Amino acid sequence: ISYYTGLRPGNAELFRLTWDDVDLEDGFIHITSAKKNGIRYRAVPLHPSFKRHLEQWHDSDHGRGYLVQYRGKPISSIKTTWRNTKARAKIKRRMRPYDFRHAFATAMLTGGGDLKATSELLGHTRTDTTTRVYQHTAGDWHRQTIDRLPLID
Numbered sequence: 082i083s084y085y086t087g088l089r090p091g092n093a094e095l096f097r098l099t100w101d102d103v104d105l106e107d108g109f110i111h112i113t114s115a116k117k118n119g120i121r122y123r124a125v126p127l128h129p130s131f132k133r134h135l136e137q138w139h140d141s142d143h144g145r146g147y148l149v150q151y152r153g154k155p156i157s158s159i160k161t162t163w164r165n166t167k168a169r170a171k172i173k174r175r176m177r178p179y180d181f182r183h184a185f186a187t188a189m190l191t192g193g194g195d196l197k198a199t200s201e202l203l204g205h206t207r208t209d210t211t212t213r214v215y216q217h218t219a220g221d222w223h224r225q226t227i228d229r230l231p232l233i234d
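So our numbering is basically just the index in the sequence shown, starting at one, shifted up by 81.
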């Protein structure tokens, strides 16, 4: 969910989501932002692939309750589940649920997404927060940037 929406994982945003926040008909997920002095409320358009997954998930949940839940009840932490899932997937490197939010921002910006729009989708009021904290560069992006340097004849 965090990768496709840029939501903050945990109680601040992700664990508070209910099916009432998901508008499958118009293709949006409505987020009450974390209390971080940023945008208080935002509507994030659903990526077509993610929307298909949500539709299936909605059917299995009968469109009721929290999106992230255990036996119908909201959860407050996924530390143990996260650790066990990483172990089963044989992921040894440091990887946090928050890294999916960072991946969202980086993928949006390296893919040519608008900086202001990406900042707003993340719930930021200032674009410098997005570029300073969330935008990560990679070697191929460095190469593309260098390749744009004009030749000196």
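We put the beta carbon where it would ideally sit given N, CA and C, even for glycine. All of these numbers come straight from a predicted model, not from anything done at the bench.
Do the stretch 141-160 and the stretch 89-97 meet, that is, are 3 or more Cβ pairs less than 8 Å apart?
Here the stretch 141-160 makes contact with the stretch 89-97; the two share three or more CB pairs at distances below 8 Å.
For the beta strand (DSSP E) containing Y85, list its first residue and its last residue.
Taken as a continuous stretch (DSSP letters only), Y85 belongs to no beta strand (DSSP E), being part of the alpha helix (DSSP H) at S83 to T86.
Given S200, which residues of its chain have a CB within under 6 Å of its CB, disregarding the five upstream and five downstream residues?
Excluding positions up to five away in sequence, the list reads T208 and T211.
Work out the CA separation of I110 and W100 for me, nearest whole Å.
One Cα belongs to W100, the other to I110, and the distance between them is close to 9 Å.
Identity of the residue in N92, L232, Y215 and L203 nearest Y147 by Cα
Comparing Cα positions, the closest option is N92.
Skipping 5 residues on each side, what residues in its chain have a beta carbon closer than 7 Å to that of I159?
The answer, listed in chain order, is P178.
Classify K154 as helix, strand or coil using the three-state DSSP reduction.
Looking at K154 - three-state DSSP - the assignment turns out to be strand.
Quick test of the definition: if touching needs 3 or more C-beta pairs under 8 Å, does the stretch 168-188 touch the stretch 213-231?
These segments touch.
Simplified DSSP assignment, three categories, for H205
Coil at H205, not helix or strand.
Determine the direct distance from the alpha carbon of L230 to that of A115, and round the result to whole angstroms.
Between A115 and L230, the alpha-carbon positions lie close to 41 Å from each other.
On a CA-only basis, which of I233, T86 and L190 is nearest L135? Give me that one, please.
For the residues I233, T86 and L190, the minimum Cα distance to L135 belongs to T86.
Quick one: is S130 buried, meaning 16 or more other Cβ sit within 10 Å of its Cβ, or exposed?
Exposed is the call here.
In DSSP terms, what Q104 is bridged to:
What sits at residue 104 in the sequence shown is Asp, not Gln. Paired residues: F109.
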